[in-house]
Amino acid sequence: MRVAYGGDDDLEESDLADGWLALARVWLQQAIDARLPEPNAITLATVDADGRPATRTVLCKELSESGVVFYTNYGSAKARHLESTPFASATFPWIGIQRQLTVRGPVTRVSADETAAYWSTRPRGSQLGAWASQQSSPIGSRQDLEQQLADVTDRFENEDVPVPPNWGGLRIAPESVEFWQGRNNRLHNRLVVTASGVERLQP
Numbered sequence: 000m001r002v003a004y005g006g007d008d009d010l011e012e013s014d015l016a017d018g019w020l021a022l023a024r025v026w027l028q029q030a031i032d033a034r035l036p037e038p039n040a041i042t043l044a045t046v047d048a049d050g051r052p053a054t055r056t057v058l059c060k061e062l063s064e065s066g067v068v069f070y071t072n073y074g075s076a077k078a079r080h081l082e083s084t085p086f087a088s089a090t091f092p093w094i095g096i097q098r099q100l101t102v103r104g105p106v107t108r109v110s111a112d113e114t115a116a117y118w119s120t121r122p123r124g125s126q127l128g129a130w131a132s133q134q135s136s137p138i139g140s141r142q143d144l145e146q147q148l149a150d151v152t153d154r155f156e157n158e159d160v161p162v163p164p165n166w167g168g169l170r171i172a173p174e175s176v177e178f179w180q181g182r183n184n185r186l187h188n189r190l191v192v193t194a195s196g197v198e199r200l201q202p
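Set out below in structure tokens:
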């Protein structure tokens with residue numbers, strides 16, 4: 000399989016005159032306008048305590064100057080990885096518009112107030128699911144998982160579902176931000192933003 004890239008204007012250093020976030024939001028909106036599936040999905044890379052990498056797809060719930068925020072059970076594999084090695088890389092794979100955005104940097108937990116504010120926007124079913132699943136832990140069957148959901152549904156019947164005690168947000172601070180744009184003949188555009196400025200990389 001081979002796809003030819005290119006067609007729109009080249010990515011230039013001047014496109015970053017207003018900073019990385021302004022362009023990142025433009026690209027995100029273009030992904031939304033193009034009706035790409037899950038435009039806020041990111042491929043999150045972490046390493047375990049032995050230095051072995053792991054990737055998975057999660058949803059970005061905040062994109063700001065302070066970085067990329069996603070939410071998880073703090074007992075999950077990715078959260079445990081980030082406890083031992085608090086650095087991560089997250090890529091928005093907007094292949095449908097021939098673009099990728101990668102944010103790399105140190106990871107910290109968001110505040111309890113930020114977690115509570117986001118939690119209040121989640122559908123009730125998603126809130127119950129967060130209580131039902133001991134994320135990344137083994138379970139005997141699908142039926143066992145469904146039973147755990149039934150149990151917490153009964154537990155919180157007729158009341159608001161609180162934030163689980165071991166659940167919350169994690170933020171990747173933008174130590175480096177790379178903009179990738181597909182070009183013909185695989186001569187892709189790559190611009191990396193760091194504290195030192197903007198640098199163009201060969202593809």
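Counting in numbering that gives the first Met the number 0, the sequence shown runs from 0 upward without gaps.
Quick reminder that beta carbons are idealized off the backbone N, C-alpha and C, glycines included.
Minimum C-alpha distance to residue i - residue among the options
i    : options               : result
A149 : Q126, A23, A76, A111  : Q126
Q180 : D17, A16, W26, S13    : W26
I31  : G50, W93, L10, T71    : W93
S83  : G6, G50, R55, L62     : G50
Q134 : T101, D112, D159, K77 : K77
A129 : P137, V46, E174, W118 : W118
D7   : N183, T193, P202      : N183
T120 : Y70, E198, N157, F155 : Y70
T56  : P164, F91, S136       : F91
E37  : V46, G18, K60         : K60
G5   : L186, P202, I138      : L186
Residues near residue i in its chain [Cβ-Cβ closer than 7 angstroms; skip 5 each side]
i    : result
Q29  : I96
L200 : R189, V191
L22  : D14, L15, F178
R123 : V160
Interface flag, residue i vs chain C, CB-CB below 8 angstroms
i    : result
L200 : Looking for chain C here will not work: only one protein chain is present.
For residue i, the three-state DSSP class (helix, strand or coil)
i    : result
L186 : coil
S63  : strand
V57  : strand
S195 : coil
S175 : strand
V151 : helix
V46  : strand
I138 : coil
D32  : helix
E11  : coil
V25  : helix
E145 : helix
8 angstroms Cβ shell around residue i - same chain, five flanking residues per side excluded
i    : result
V106 : L81, P85, F86, A87, L169, R170, I171, A172
L10  : F178, Q180, N188, L190
Residue(s) in a DSSP beta bridge with residue i
i    : result
Q180 : R98, N188
I41  : V57
L200 : R189
G167 : T71
P161 : Per DSSP, none; premise fails for P161.
P52  : V46
Residues near residue i by beta carbon distance below 6 angstroms, same chain, minus five either side
i    : result
L20  : E64
A89  : I41, L43, V67, V102, I171
A131 : Q147, L148, V151
What runs of the beta strand (DSSP E), each 3 residues or longer, lie entirely inside the region 76–135? 86–93, 98–108
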